[in-house]
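Some notes on the structure that comes next.
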Amino acid sequence: MAMDVIAASRADHDDATPWGHVGSTGLYLGIAVLALCMVGVLNIFTERSIVVGYISLAYAMLGFTLLAAGVMVAQRGLLSSPAMCIVGGAVAGAIAAVFGAALAVIMSLVNLRFIFVAMEPKLLKLLTFGLQPPILGALALIALGAALGAFGALIVVLPRVVRRPVVAALIGAGMAGLFQELIRIILVNNIATKWLHDLLYTYTGLTLQGAVIMAVASAVGIMAYDAFKGGLRAAGVDMAATEARLRLPLMILTLVIIGLFPLYGGNFVGQVFLMVGFFVLMGMGLNLEVGLAGLLDLGFVAFYAVGAYVTALLMADHPYSLAQNFGWEWAKLSYWEAMPIAILASIIVGVLFGVPVLKVRGDYLAVATLGLGEIVRVIVLSEAAAPLLGGSQGILQIPRPVVFGQPLNDQVSLFYVVFFGSLLAAYVAWRLENSRLGRAWTAIRDDEDVAQALGINLIQVKLLAYGLGAAFAGFAGSIFAVLVGSIFPHSFQLIISINVLALIIVGGMGSLPGVVLGSAVLIGLPEMLREFGEFRYLFYGLAIVAVTRLKPEGLWPSAARRRELRMDAEAAALETGAVTEKAA
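Here numbering that gives the first Met the number 0 is used: the first residue of the sequence shown is 0, the next is one more, and so on.
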């Protein structure tokens, strides 16, 4: 139903007049510029340089917003010619910039800080480029908006052979500046690549020379790739078959690169990859429930908590462990012995959770699972369970895993536990997705009544979805316990379930690669940009709204999901056309 609404809204927008669309695009992005200013995002982003001494992250975000105006105008294709698209992009960019310019003029005349604390002098300086009087800077901002809007439209209307290198150059230089902390650590830690660090970076960030080098290298790289593919096509090579043959080797190469990355990046990179791996594990579990079976579970964090607590009770050198609390010496286990028990306990809890909500559907199911998840958190915090689970004091002194007599004490070594665990989980999830059980989950997601009429046992299939999904979360929880070395009830709040659900939506429902991509975008990027942590959930919300509005199938959708959405869009368009004809 939601996808029908989205498809219908897109069909309605196709009826917009060309210049009406230009104006509305400029208006929407102008409001976005105001929002960035008022909530303080641009103030914080002035502290991070993309190109040292030239472009800050604040200017990059402001410029990207104005550039997007031209891209959106040209992509809709309502204007009659490429030249008109460029003019329309310039108009949309100027309209968007007017909002920022008007704010700058008002700030120069009136002190707005008593209402909006983010209206600081450095924001005025940012919007006016430090020019005096401020009206001159405001006019410069409008001119910049028009130029960037025109450039955005120009990128769209350029021939593909030119557009791709231009876009690659912008992305290459931008990524080199945005993720400079990560890249610099890797380059500096390796003697063989230190010269490259000195060529591109100083110890304060990316240099102008480095930005130009990265832009040129990215453009040349994409041109060489396109020329290579064009040569293969000219030689009569079947590209579809070739890409199918190369898919597995490229996947293996990608996994090898990901596996080696923390070795060169050190503990910081290992920590980032470790957090991404946690959420990949949980995302794959929730993807079975939500993406395949259509069972919206907001209490998913409870299974994560069960895995962590069972591991802690079986391993910790602490009064609340089973070995010390009850004198059960046999219950003192290593990680490799405790982890399967933790996963089994999570499966049992998952099945028990599924029993009360078997007859519940839709929004009511989400509310019911939310209540069950909160019940687990309240029980762990309660005084009644404190003698067993430690209550708010938690369980401390959880030892690290040991491999061949060596404890895994650093983030990099623990990352490999998550890495190989994620590979195993991905293989299991892939096999389940393409199995008879996976097809049964898909059937009940589409229509429970029809699935039951076709002979699918709804009780069995739903309980298997809850149990197998909980297994992935329990595995992630067991790794979390040994990573931190202590667990507390406050580590298992509702926001974890929201995070996992968000990465599935952004990555693509029912898509295993989408889970990985969603986790990298929503978990990995904030970890690498920790100084902006206070805006983390603001960007979460914006990302979810943007994806559901602009790309509802997700960033990396499954083939089945893409077909479903295309069919929904075609059906909505046909229905809209029929209604229009009837009204006429």
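All C-beta atoms in this analysis are idealised placements derived from N, C-alpha and C, irrespective of residue type, glycine included.
Decide if residue i is buried, meaning its Cβ has at least 16 other Cβ atoms within 10 Å, or exposed.
| i | result |
| --- | --- |
| HIS489 | exposed |
| PHE352 | buried |
| LYS358 | exposed |
| LEU453 | exposed |
| MET566 | exposed |
| PRO261 | buried |
| PRO560 | Going by the sequence as given, residue 560 is Arg instead of Pro. Buried, by the Cβ-count rule. |
| ALA240 | exposed |
| PRO551 | buried |
| ASN286 | buried |
| SER557 | buried |
| PRO164 | buried |
| SER55 | buried |
| GLN410 | buried |
| ALA243 | exposed |
| PHE278 | buried |
| TRP329 | exposed |
| LEU66 | buried |
Would DSSP call residue i helix, strand or coil?
| i | result |
| --- | --- |
| TYR224 | helix |
| SER320 | coil |
| GLN179 | helix |
| ILE49 | strand |
| VAL348 | helix |
| ILE105 | helix |
| ILE495 | helix |
| PRO386 | helix |
| LYS121 | helix |
| VAL97 | helix |
| PRO133 | helix |
| PRO164 | helix |
| VAL514 | helix |
| VAL401 | strand |
| PRO355 | helix |
| PRO158 | coil |
| PHE538 | helix |
| THR192 | helix |
| VAL38 | coil |
| ALA292 | coil |
| LYS331 | coil |
| ILE212 | helix |
| PHE414 | helix |
| LEU78 | coil |
| SER8 | At SER8 the pLDDT is 45, less than 50, meaning the model places this residue with poor confidence and gives no usable figure here. |
| GLY298 | coil |
| PHE325 | coil |
| SER434 | coil |
| ILE586 | The first residue shown for the chain is 0 and the last is 583, placing residue 586 beyond what the model contains. |
| PHE419 | helix |
| ALA315 | coil |
| PHE128 | coil |
So the candidates are the options; which of them puts its Cα closest to the Cα of residue i?
| i | options | result |
| --- | --- | --- |
| TYR308 | GLY484, PHE44, PHE63 | GLY484 |
| ILE170 | PHE63, VAL279, PHE302, GLY466 | PHE63 |
| LYS461 | THR241, GLY19, LEU364 | LEU364 |
| ALA93 | LEU493, GLN323, ALA68 | ALA68 |
| VAL289 | GLY39, TYR539, GLY507 | GLY507 |
| LYS121 | SER107, ILE134, PHE113 | SER107 |
| ILE497 | SER333, SER345, PHE299 | PHE299 |
| VAL70 | LEU138, LEU524, ARG112, GLY151 | GLY151 |
| ALA341 | ALA472, ALA240, ASP225, MET37 | ALA472 |
| VAL86 | ASN188, THR192, VAL375, VAL156 | VAL156 |
| ILE134 | PHE534, ALA101, ARG435 | ALA101 |
| CYS36 | TRP18, ALA385, LEU123, HIS20 | LEU123 |
| GLY349 | LEU463, PHE128, VAL514 | LEU463 |
| LEU199 | THR547, MET174, GLY220 | MET174 |
Looking at the unbroken alpha helix (DSSP H) that takes in residue i, where does it start and where does it end?
| i | result |
| --- | --- |
| SER485 | Unbroken run through SER485: none, as it is neither H nor E. |
| ILE257 | 238 to 285 |
| ALA73 | 56 to 75 |
| GLU373 | 361 to 380 |
| PRO551 | Unbroken run through PRO551: none, as it is neither H nor E. |
| ILE114 | Element bounds for ILE114: n/a, residue is neither H nor E. |
| VAL520 | Segment: none, VAL520 is in no alpha helix (DSSP H) and carries neither H nor E. |
| THR16 | Per DSSP, THR16 belongs to no alpha helix (DSSP H) and is neither H nor E. |
| GLU447 | 447 to 452 |
| GLY235 | Run containing GLY235: none; DSSP gives neither H nor E here. |
Which one or two residues does DSSP pair with residue i in a beta bridge?
| i | result |
| --- | --- |
| GLY204 | THR201 |
| ILE394 | ILE486 |
| PRO406 | VAL401 |
At the 8 Å Cβ level, is residue i part of the contact set with chain D, yes or no?
| i | result |
| --- | --- |
| MET213 | This model lacks chain D altogether, as it is built from one protein chain only. |
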